[in-house]
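Visitor: This is the structure I have questions about; it appears just below.
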Amino acid sequence: MSEVKLTQLSHGGGCGCKISPALLHEILGEAQKKLPFPDLLVGTESSDDAAVYRLNDQQAIIATTDFFMPIVDDPFDFGRIAATNALSDVYAMGGTPIMALAIVGMPINKMSVATIRAILQGGEAVCRTAGIPIAGGHSIDAPEPIYGLVALGIVHPDRVKKNSAARAGDVLILGKGLGVGVLAAALKKELLSAAGYAQLIDATTQLNAVGSSLAALPGVHALTDVTGFGLLGHLLEMCRGAGLSAEVEFGKVPVLSEALPLAQQGIGPGAIERNLASYGADVDFAAHVAVWQQCLLADAQTSGGLLVSVAPEAADEVLERFAAAGFTQVAVIGRMREGAARVAVR
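Its first residue numbered 683, the sequence shown is counted upward by one per residue in my numbering.
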């Protein structure tokens, strides 16, 4: 069988495939209300990263699912990225993964068995690194390639880190640099250098396992991971859940070095426009913030960094834990404050 590039088999890739925030809200409608189950600690009400259900006084189970179409052409790398991204939701709740199930949809008349197997092997490699099995799954013959995981984890009920628990005065810390969507768009346009591809893979396959450690810190009030809605979209979810506003200093926001010149040229995924159209009315950009900078803040991240809302006195310890885990671009980017659920970018 003559192989076709994976990214040519799909209309989008990575978390850039996500339905726009505004359309998703319209689709879900009443489903976003709090469900009447007392042991359901986290459900759909705050657009959090995963569901959390209390089993007993010492244990709660975290359940999430994440899958998407290819963001890169290498099948093994695609599998690794998809699995890393799926496990991130468990870490973003402050939990520890215990098991995963594979979600597989492949156009079997267009892809060889070897290519499909390599995708699954990429996911398995990441799960081995995380110390968990892929214990099963489900597969279908689909028109576009889709891969991801159902990820299950555990956490102490008192250590669940919701995206809605931020407090006024908290410092905002971002664990990874922005620009994954920009790099992926450049790859699809055949404009990405070898260094850019290496940076794309490094960023998207770095497990956010530090989230489990951060859950033990009482000063850490809220956690989420930055994915398809971009930094602004996921920060707005944090603001709405907590009933607070946020301020971001663009000059402090880490950006992947290979993505920076591409972003300045206007390269990026279509998800940027969809994101800004969905929530741009709730963002106040200072006059000096250029259009390309606004776009970077709305860039759809795949397997992006953790966004932490933490008491100022605990910020240094959070930064140290990120650094010890190998997150070289971790940075303080802003703070939470009293006010309506909006984001101001300075």
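Here a beta-carbon is modelled for each residue, glycine too, at the ideal position from N, C-alpha and C.
1) Mind the definition here: the region 922–934 touches the region 806–813 only if three or more C-beta pairs lie below 8 Å; say whether that holds.
2) For Val842, which residues from the same chain have a beta carbon less than 7 Å from its beta carbon, with the 5 sequence-adjacent residues on both sides left out?
3) Secondary structure at Phe749, three-state DSSP: helix, strand or coil?
4) Enumerate in chain order the residues of its own chain whose CB-to-CB distance from Thr887 is below 8 Å, with the five nearest sequence positions on each side excluded.
5) Nearest to Ile790 by CA position, among Ile822, Gly857, Leu899 and Cys977, is which residue?
6) Buried or exposed: Asp966, going by 16 or more other Cβ atoms within 10 Å of its Cβ?
7) For the structure I just gave you, are there three or more beta carbon pairs, one from the region 978–993 and one from the region 906–917, closer than 8 Å?
8) Have a look at Val902 and Leu988 and give me their C-alpha separation to the nearest angstrom.
9) For Leu882 versus Leu873, is the C-beta spacing smaller than 9 Å?
10) Which residues does DSSP pair with Gly1016 in a beta bridge?
11) Residue range of the alpha helix (DSSP H) that Val734 falls in?
12) Give me the Cβ distance between Ala817 and Leu783, rounded to the nearest whole Å; I'm assuming they're in contact under 8 Å.
13) Does the Cβ of His970 have 16 or more other Cβ atoms within 10 Å, making it buried, or fewer, making it exposed?
14) To the nearest angstrom, how far is the alpha carbon of Asp756 from that of Leu688?
15) What residue range does the beta strand (DSSP E) around Gly761 cover?
16) Output the boundary residues of the alpha helix (DSSP H) element that contains Val808.
17) Taking Thr886 as part of the alpha helix (DSSP H), name the residues at either end of that continuous run.
18) Rounded to whole angstroms, what's the CA-CA distance from Leu938 to Tyr961? Just pull it up for me.
19) So, at 6 Å on beta carbons, what are the nonlocal neighbours of Thr747 in its own chain, with the 5 sequence-adjacent residues on each side left out?
20) Measure how close the beta-carbons of Gly863 and Gly1008 come, nearest whole angstrom, since I'm counting them as under 8 Å.
21) One question on the structure: do Leu672 and Pro815 come within less than 9 Å of each other, judged by their Cβ atoms?
22) Any idea if Asp771 is buried or exposed, counting beta-carbon neighbours within 10 angstroms, 16 or more meaning buried?
23) State yes or no: is the C-beta of Leu978 within less than 9 Å of the C-beta of Ile855?
24) Apart from the five residues on each side of it in sequence, which residues of its chain come closer than 7 Å, Cβ to Cβ, to Met751?
25) By the three-class DSSP mapping on this structure, what secondary structure does Val862 have?
26) In this structure, how does DSSP classify Pro779 when only helix, strand and coil are distinguished?
27) From Arg849 to Val992, what distance separates their C-alpha atoms?
28) By Cβ distance below 8 Å, which residues in the same chain neighbour Thr996 in space, the five residues on each side in sequence not counted?
29) Taking all protein chains shown into account, do 16 or more other C-beta atoms lie within 10 angstroms of the C-beta of Val795, making it buried, or fewer, making it exposed?
30) Taking the DSSP output, what are the residues bridged to Met1029?
31) Label Ser875 either buried or exposed according to how many other C-beta atoms from any shown protein chain fall within 10 Å of its C-beta, with 16 as the threshold for buried.
Guide: On the basis of the supplied data:
1) Put simply, the region 922–934 does not touch the region 806–813. Fewer than three CB pairs are less than 8 Å apart.
2) Residues of the same chain with a CB within less than 7 Å of the CB of Val842, apart from the 5 flanking positions on each side, are Leu723, Val724, Val734, Ala742, Met775 and Gly776 in chain order.
3) Note: Phe749 maps to strand in three-state DSSP.
4) Same-chain partners within the cutoff: Asp759, Arg762, Ile763, Thr766, Val808 and Ser985.
5) Taking only the C-alpha atoms, the option nearest Ile790 is Ile822.
6) Sixteen is the threshold: since fewer than 16 other Cβ atoms of the shown chains lie within 10 Å of the Cβ of Asp966, the residue is exposed.
7) Flag = yes, the region 978–993 and the region 906–917 touch.
8) A direct Cα-to-Cα measurement between Val902 and Leu988 gives close to 12 Å.
9) The Cβ-Cβ distance between Leu882 and Leu873 does not fall below 9 Å.
10) For Gly1016, which the question treats as bridged, DSSP gives the partners Leu854 and Val930.
11) It is not in any alpha helix (DSSP H) - Val734 instead sits in the beta strand (DSSP E) that spans Ala733 to Arg736.
12) Rounded, the Cβ-Cβ distance is 6 Å, consistent with contact.
13) His970 counts as exposed, since fewer than 16 other beta carbons sit within 10 angstroms of its beta carbon.
14) CA-to-CA, the gap between Asp756 and Leu688 works out to about 7 Å.
15) No beta strand (DSSP E) contains Gly761, which is instead part of the alpha helix (DSSP H) from Pro757 to Ala774.
16) Where Val808 is concerned, the enclosing alpha helix (DSSP H) stretches over Val795 to Ala812.
17) For Thr886, the enclosing alpha helix (DSSP H) stretches over residues Ala876 to Thr886.
18) Per the coordinates, the alpha-carbon of Leu938 lies some 24 Å from the alpha-carbon of Tyr961.
19) So the list reads Val832, once near-sequence residues are dropped.
20) By a beta-carbon distance limit of 8 Å, Gly863 does not contact Gly1008. Their separation comes to about 22 Å.
21) For residue 672 there is no data in the structure shown, the boundaries of the chain being 683 and 1028.
22) Counting the other Cβ atoms within 10 Å of the Cβ of Asp771 gives 16 or more, which makes it buried.
23) Cβ distance not < 9 Å, so Leu978 and Ile855 don't count as in contact.
24) Counting only residues of its own chain and dropping the five nearest sequence neighbours on each side, Met751 has a CB closer than 7 Å to the CB of Ser692, Gly694, Gly695, Cys699, Glu826, Pro827 and Ile828.
25) Helix at Val862.
26) Shown here, Pro779 sits in a strand according to DSSP, grouped into three states.
27) If I take the Cα positions, the gap works out to 8 Å.
28) Note that residue 996 is Ala in the sequence shown, not Thr. The beta carbon of Ala996 sits closer than 8 Å to the beta carbons of Leu899, Pro900, Gly901 and Val902 from its chain, once the five residues preceding and following it are set aside; these are given in chain order.
29) Classification of Val795: exposed, given that the 10 Å Cβ count is below 16.
30) Because the chain is modelled from 683 through 1028, residue 1029 falls outside the range shown and cannot be assessed.
31) Ser875 comes out exposed.
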